[in-house]
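Let me begin by presenting the structure, written as structure tokens, before commenting on it.
Numbering (the numbering used here), first residue to last: 29 to 246.
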């Protein structure tokens, strides 16, 4: 449970504008959709996907690092890592089983001919959208375990887009449709409190000293 006194103590340090901004952003955050990226060698692509998640209101990004262990490119993420939750997995199996246990259907994004087009995708079900590399696409394990497939309609000669571009297009489309729907897509009250606390901590310099002062007084 969240220590509401501690939250109030931290938020008292923040400006009113900052606190209001947190509430406005959290009002548009969702876990109805979550994003997963698999073994993206060029880390700036993962960072760009994270930035798209943050901009369009996706709260969680799942990163599978079976082959490449790299840190998020902070310059390209442009601070998004402070506001988006990153779940890291060492295998596809662990990632898929975790997301399925959380109630998500597994959706593989691929350019294959028979996939569901973006505008026809059913947004009512909580979905984990998986993205692979431009060169190799998603692994066979994800394609075999996927509950459905999704593609962006294209009319040119090129058959694929860079992962960060694909993710941005899909995330923007689906979150916009979600916000204009009657689906219960927003964070719960408890999740909002948790994020308020996390974001307050991320916003305060020398947070360890501030925390120590609070616990001394309480």
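Glycine included, each C-beta is placed from N, C-alpha and C at the ideal position.
| query | result |
| --- | --- |
| Taking the alpha helix (DSSP H) that residue 91 falls in, what are its first and last residues? | It is not in any alpha helix (DSSP H) - residue 91 instead sits in the beta strand (DSSP E) that spans 88-92. |
| Can you grab the Cα-Cα spacing for the pair residue 124 / residue 93, in whole Å? | 13 Å |
| I'd like to check one pair, residue 152 with residue 211: are the Cβ atoms closer than 9 Å? | yes |
| Is it a yes or a no for the region 69-85 touching the region 169-184, going by three-plus beta-carbon pairs under 8 Å? | no |
| Rounded to the nearest angstrom, what separates residue 129 and residue 181 at their Cα positions? | 31 Å |
| Can you give me the C-alpha to C-alpha distance between residue 204 and residue 233, rounded to a whole angstrom? | 34 Å |
| Which residues does DSSP pair with residue 179 in a beta bridge? | 145 |
| Mind checking who residue 39 pairs with in its DSSP beta bridge? | Its beta-bridge partners do not exist; DSSP assigns none. |
| What residue does the beta strand (DSSP E) around residue 155 start on, and which one ends it? | 155-159 |
| Please report the residue range of the beta strand (DSSP E) in which residue 116 lies. | 113-117 |
| Short check: CB of residue 145 to CB of residue 199, under 9 Å? | no |
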